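Residues in the sequence shown are numbered consecutively from 1, following full-length UniProt numbering. Structure record follows, encoded as structure tokens.
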Amino acid sequence: MADAEADARARSIDEAISSVLTEVEGISELKREQRDALKAFVGGEDVLALLPTGFGKSLIYQLVPGVCKKLAETEGSSLFHGVDKPIVIVVSPLVALMEDQVKEAPKFGVLASQLGKNNEEILQGNVELVFGSPESWLLNDKWRDMLASPVYRKNLVGIVVDEVHVTYKWGQNKKKKRGPAFRESFSRLGELRSLVKEDIPILALTATADTQSRERVISMLNMHGARRINVSPNKENIRMGVVKLPNDKLQCLDWVVKLVRDNGAAAPKIIIYTRSIRTAGKVHIYLLAELGPDAWVDRDPDERTVNCLIGLYHGITKPKYRKHVVSSMNGNGNCRIVIATNALGMGMNFPDVSWVIMYGPPEDSEDILQQIGRAGRGGSDVNAVLYFHGVQLIKVDKAVKGLVTTSPSDVFVRFYIASSKKALSVWNLATDAVHTVTGHANVQVKHVEHLSHHLNPS
């Protein structure tokens with residue numbers, strides 16, 4: 001009897017999903033893992049979904065209100081009985097992510113807003129996707145009280161934690177120094193469960209998390225019997241190079257200067273990641289100095305920001321300038337090279353980034369995957385290169401240290417995070433992508449299999 005009821009419930013959810021998809025323009029079907037996550041979450045299960053960058057993680061929760069409405073309207077269905085307007089709350093780490101998702105929501109027939117905007121509509125339960133930071137949800141009495149209000153007790157159907165890997169990266173002081181963590185509220189997100197009805201499920205989403213990190217997420221969010229949905233983060237169209245420098249030499253970026261000087265506004269889009277705002281500033285100043293007037297479209301004598309080919313994006317970049325950089329990388333501006341910290345990462349879906357350069361090794365392998373994942377979204381073959389010198393390895397984890405020390409000399413590798421059937425010619429890859437473009441010779445080709453072992457979902 002119980003099995004029959006479960007089967008009927010699963011069929012109802014499947015039918016509701018299919019019905020909603022007929023009403024969404026441009027999406028005829030979901031990937032299997034998207035559908036599995038959506039079904040489990042709507043069915044009341046806690047879900048931890050590890051899905052690669054560009055896979056469509058946000059689509060899962062964007063469809064939830066519509067699916068719940070269909071189920072509430074289905075004759076004879078017990079699912080969401082009495083729910084008038086399904087509400088999903090979304091915990092998001094960055095304002096830019098929230099703004100993008102709010103803009104995108106109408107495509108799915110969903111009304112979305114951020115805490116602090118359209119407050120009356122949010123409080124009355126008229127907003128179906130409600131976005132907010134951990135600090136807003138946990139530290140602001142207005143929003144805590146709202147979750148306990150009759151309208152939310154009746155209509156809240158789920159909690160989503162987007163980019164969940166930052167719950168432990170930002171929420172805990174890994175160095176065990178005195179004082180609070182960078183954003184301590186991330187470590188307290190499990191408290192949300194005490195503010196809502198007991199049976200409200202949690203959907204945790206990220207592109208990267210190793211085995212240990214997954215267990216930490218499940219523990220921190222108080223997830224119960226979580227359904228785990230994993231897709232390998234392998235990117236078959238990305239090749240990655242690792243180049244050891246004798247010291248902190250910015251001259252390794254001179255090939256970028258040449259690309260911009262030769263091609264101007266037609267130069268390929270490149271993101272240069274650095275570990276700190278200070279280093280980002282140094283790289284930015286270096287490129288502008290080397291390029292001189294060539295840093296501006298048509299050597300603009302007024303050197304207007306709108307015509308600058310070199311951009312800067314980090315945690316304290318002014319919002320107006322951030323928007324200019326993001327707009328350019330999305331094809332609506334002249335900026336071709338962006339020097340950035342990790343602030344330019346999560347949720348950014350640029351269609352045609354050709355190169356990702358890591359000037360200095362990222363702290364951990366999850367950051368490597370996040371940064372590399374900004375390139376090749378359109379499916380074309382793209383490249384990544386990591387520059388490092390020995391002192392920088394003091395502040396990285398074992399996986400990153402293993403990656404950059406596999407060879408004593410320059411290494412150019414096919415980026416293997418899982419076995420791939422597709423590979424470019426090793427010889428052409430080495431000579432064309434490295435020697436001709438970057439000027440780095442003495443190339444060795446190697447697979448990065450230890451990253452596969454460390455991060456490949458199991």
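Beta carbons: idealized from backbone N, C-alpha and C, even for Gly. Model, not experiment: these values are computed from the prediction.
Is the Cβ-Cβ distance between residue i and residue j less than 9 angstroms?
i           : j    : result
I368        : L287 : no
V391        : P362 : no
residue 493 : V325 : The displayed coordinates of the chain run from 1 to 458. Any statement about residue 493 would go beyond what the structure contains.
R377        : G345 : no
G132        : S187 : no
G331        : V297 : no
F354        : V385 : In the sequence as presented, Phe is not what sits at residue 354; that position holds Ser. Taking 9 angstroms as the Cβ cut-off, S354 and V385 do not qualify as a contacting pair.
I270        : V256 : yes
N155        : V64  : no
V24         : G158 : no
K31         : G66  : no
V243        : F388 : yes
Y273        : I357 : yes
L309        : S365 : no
G360        : T279 : yes
L97         : V161 : no
I89         : L147 : yes
E104        : S58  : yes
If you reduce the DSSP assignment to three classes, tell me which class residue i lands in.
i           : result
I271        : strand
S78         : coil
F41         : helix
N222        : coil
T211        : helix
residue 479 : Look at the range of the chain in this structure, 1 to 458, and you will see that residue 479 is not part of it.
G66         : helix
T206        : strand
G132        : strand
V47         : strand
L71         : helix
L21         : helix
L30         : coil
G171        : Below a pLDDT of 50, predicted positions are generally treated as unreliable, and G171, at 49, falls in that range; the measurement from the model is reported next regardless. Coil.
Cutting at 8 angstroms between CB atoms, please list the residues of its own chain near residue i, excluding the five before and the five after it.
i    : result
S136 : L115, G116, W143
V127 : I87, L111, A112, S113, N118, E121
L138 : R144, S185, R188, L189, E191, L192
S12  : L71, T74, S77, L79
V306 : H324, G333, N334
N247 : H389
E45  : P201, G225, A226, R227
S19  : K70
Give me, in chain order, the residues of the same chain whose beta-carbon lies closer than 7 angstroms to that of residue i; leave out the 5 immediate sequence neighbours on both sides.
i    : result
G379 : N237
I27  : L21
Y313 : R322, V325, V338, A340, A343, L344
C68  : V42, F80, V83, P86, V157
G125 : K85, I87, V151, Y152, N155
D352 : K269, G378
H284 : I310, L312, I339
Once the 5 residues before and after residue i are set aside, which same chain residues still bring their CB inside 6 angstroms of it?
i    : result
I60  : Q34, A37, L38
L393 : K401
T53  : A207, G373
L259 : A267
V47  : A37, A40, F41, L203, R227
P293 : R299
T317 : none
R214 : none
A16  : V67, K70, L71
Q251 : none
G179 : Interpretation of G179 is limited by its pLDDT of 49, a score under 50 that renders its predicted location unreliable; the figure taken from the coordinates is listed afterwards. Cβ within range, chain order: n/a, list empty.
E303 : W296
Does the distance between the C-beta of residue i and the nearest non-hydrogen atom of the ligand NAP fall short of 8 angstroms?
i    : result
E128 : In the structure on display, the ligand NAP does not appear, and there are no ligands present to speak of.
Inset, instruction - Return the chain-ordered ranges of every alpha helix (DSSP H) run that is complete within the region 87-129 and spans a minimum of 4 residues. - result: 95-104, 119-123
Legend entry - Entirely enclosed alpha helix (DSSP H) segments - the region 134-163, minimum 4 residues: 134-139, 141-147, 150-155
Legend entry - Three CB pairs or more closer than 8 angstroms across the region 193-203 and the region 35-52: yes
Legend entry - the region 93-106 in contact with the region 155-169 per 3-pair CB rule at 8 angstroms: yes
Inset, instruction - Write down every uninterrupted run of the beta strand (DSSP E) in the region 224-310 whose length is 3 residues or greater and which is fully enclosed by it, in chain order. - result: 227-230, 238-244, 269-274
Inset, instruction - Could you tell me which uninterrupted alpha helix (DSSP H) segments, each at least 4 residues in length, are contained entirely in the region 326-408, listed from first to last along the chain? - result: 365-372, 398-404
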